[in-house]
């Protein structure tokens with residue numbers, strides 16, 4: 033657990049956690065903690081027991097905002113995409129009048145990227161900290177959306193060029209993750225809408241307009257993932273069509289080859305009959321002539337099929 037005094041975006045490490053109970057003369061306290069630290073933080077800031085229970089018992093939480101008398105409890109999911117799987121990591125936030133507490137089970141990149149922004153913007157209030165943090169998280173959803181779109185386009189190209197059975201597993205896996213992610217985006221969008229529209233004593237009025245901008249981005253992201261769901265359905269149809277076309281192509285080639293060999297089979301069948309009088313049977317060059325005739329017939333049939341684009 034690390035406690036910092038934030039004044040105009042400048043961080044000062046706080047050694048004694050009990051110092052954070054009282055509001056500072058200027059700025060606010062940011063406490064970056066883990067779930068185990070709640071044993072210390074809960075009695076200091078009188079954090080609601082239901083919120084504490086959510087943090088300790090639920091590893092994957094649904095985005096939400098709960099309003100209590102002295103503080104708010106907010107759950108936002110950070111996203112990470114490693115080209116194979118989508119990961120969501122819950123970020124638990126306690127927002128007070130002079131403090132903000134962030135609690136995570138794993139490291140979240142947005143918190144690391146937040147520090148230079150706080151310094152550049154000279155942040156002095158916890159609600160401003162909350163705004164920049166959520167803005168980073170939503171922007172990351174946009175980046176992940178762009179990468180998913182690129183993956184879908186590449187997968188579509190691979191299917192059209194060289195269809196493989198493994199492509200179906202990729203389609204099913206990616207579609208399932210997109211659907212799962214879309215279910216998370218809806219409540220997350222509602223959380224941002226609450227910060228934008230509802231009268232909240234811990235969020236300043238001018239800041240609500242900025243939350244409105246984040247909300248618009250969240251709506252666009254939700255619509256984008258809705259489009260991804262349709263694209264995945266189209267991709268599956270393309271996969272099935274490609275397989276069907278491939279099967280038809282194989283059958284067309286086999287049919288053409290069978291047709292080419294039909295006259296050859298007929299000729300060899302005739303000369304394979306046990307009759308005494310067969311044309312050229314006793315001719316010195318009869319065998320060579322038969323082979324030449326078979327080759328010429330085969331070449332003629334092949335050229336004919338290629339000219340008509342049947343092979």
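In my numbering, the protein residues as written are 33 to 343. All residues carry an ideal CB built from backbone N, CA and C; glycine is no exception.
Quiz item: Three or more C-beta pairs closer than 8 angstroms, one from the region 235–245 and one from the region 106–115: is that the case here?
Solution: A contact between stretches requires three or more CB pairs, one per stretch, nearer than 8 angstroms, and the region 235–245 fails this requirement with the region 106–115.
Exercise. Ignore the nearest five residues each way along the sequence and tell me which others in residue 167's own chain have a CB closer than 7 angstroms to its CB.
Key: As a first step, residue 167 is located in the chain shown; it is residue number 135 there, counting from the start. Around residue 167: 246.
Quiz item: Can you tell me the Cα-Cα spacing of residue 331 and residue 283, whole angstroms?
Solution: Translated into the one-based positions of the chain shown, residue 331 becomes position 299. Translated into the one-based positions of the chain shown, residue 283 becomes position 251. When rounded, the distance between both Cα atoms is 21 angstroms.
Quiz item: Between the C-alpha atoms of residue 193 and residue 259, what's the straight-line distance to the nearest angstrom?
Solution: Locating residue 193 in the chain shown gives position 161, where the first residue counts as 1. Locating residue 259 in the chain shown gives position 227, where the first residue counts as 1. Each residue's Cα considered, the two are about 24 angstroms apart.
Practice problem: Under 8 angstroms by Cβ, that's how I've got residue 176 and residue 113 pegged, so tell me the actual separation to the nearest angstrom. | Solution: Numbered from its first residue, the chain shown carries residue 176 at position 144. Numbered from its first residue, the chain shown carries residue 113 at position 81. So it is a contact: roughly 4 angstroms between Cβ atoms.
Quiz item: How would you write the range of the alpha helix (DSSP H) that residue 152 sits in, first residue to last?
Solution: As a position in the chain shown, residue 152 is number 120, starting the count at 1. Element bounds for residue 152: 141–153.
Quiz item: Should residue 52 go down as buried or exposed, given a rule of 16 or more other Cβ atoms within 10 Å for buried?
Solution: Stepping through the chain shown from its first residue, residue 52 is reached at position 20. Buried.
Exercise. Using only alpha-carbon positions, find the residue among 137, 147, 140 and 101 that is nearest to residue 128.
Key: One-based indexing of the chain shown puts residue 128 at position 96. The shortest Cα separation from residue 128 among 137, 147, 140 and 101 belongs to 101.
Exercise. For residue 253, decide whether its Cβ has a neighbour in chain B, counting only Cβ atoms nearer than 8 angstroms.
Key: Among the protein chains of the structure shown there is no chain B, as only one such chain exists.
Quiz prompt | Same chain, Cβ closer than 8 angstroms to residue 46, neighbours up to 5 away in sequence not counted | solution = For the purposes of this step, residue 46 is taken as the residue at position 14 of the chain shown. Cβ within range, chain order: 35, 36, 37, 52 and 61.
Exercise. Could you work out which residue in 146, 144, 140 and 200 is closest to residue 273 when comparing CA atoms only?
Key: On the chain shown, position 241 is the one that residue 273 refers to. Distance check between residue 273 and each of 146, 144, 140 and 200 places 200 closest, using alpha-carbon atoms only.
Quiz item: Is residue 59 buried or exposed, if buried means 16 or more other CB atoms sit within 10 Å of its CB?
Solution: Residue numbering aside, residue 59 sits at position 27 when the chain shown is read from its first letter. With 16 or more other Cβ atoms within 10 Å, it is buried.
Self-check item: Other residues of its chain near residue 242: CB distance less than 7 angstroms, five sequence neighbours each side excluded
Solution: The residue labelled residue 242 in the question sits at position 210 within the chain shown. The answer, listed in chain order, is 163.
Quiz item: Nearest-angstrom Cα distance between residue 267 and residue 248?
Solution: In the chain shown, the residue the question calls residue 267 occupies position 235. In the chain shown, the residue the question calls residue 248 occupies position 216. So the two alpha carbons sit approximately 28 angstroms from each other.
Self-check item: Per-residue DSSP class, three states only, for residue 36
Solution: The residue given as residue 36 occupies position 4 in the chain shown. In the structure shown, residue 36 sits in a strand (DSSP, three-state: E or B).
Quiz item: When you compare only the Cα positions, how much space is there between residue 138 and residue 156?
Solution: In the chain shown, the residue the question calls residue 138 occupies position 106. In the chain shown, the residue the question calls residue 156 occupies position 124. Whole-angstrom Cα-Cα distance: 27 angstroms.
Quiz item: Whose CA, out of 336, 339, 300 and 338, lies closest to the CA of residue 324?
Solution: Stepping through the chain shown from its first residue, residue 324 is reached at position 292. Residue 300 is the option with its Cα nearest to residue 324.
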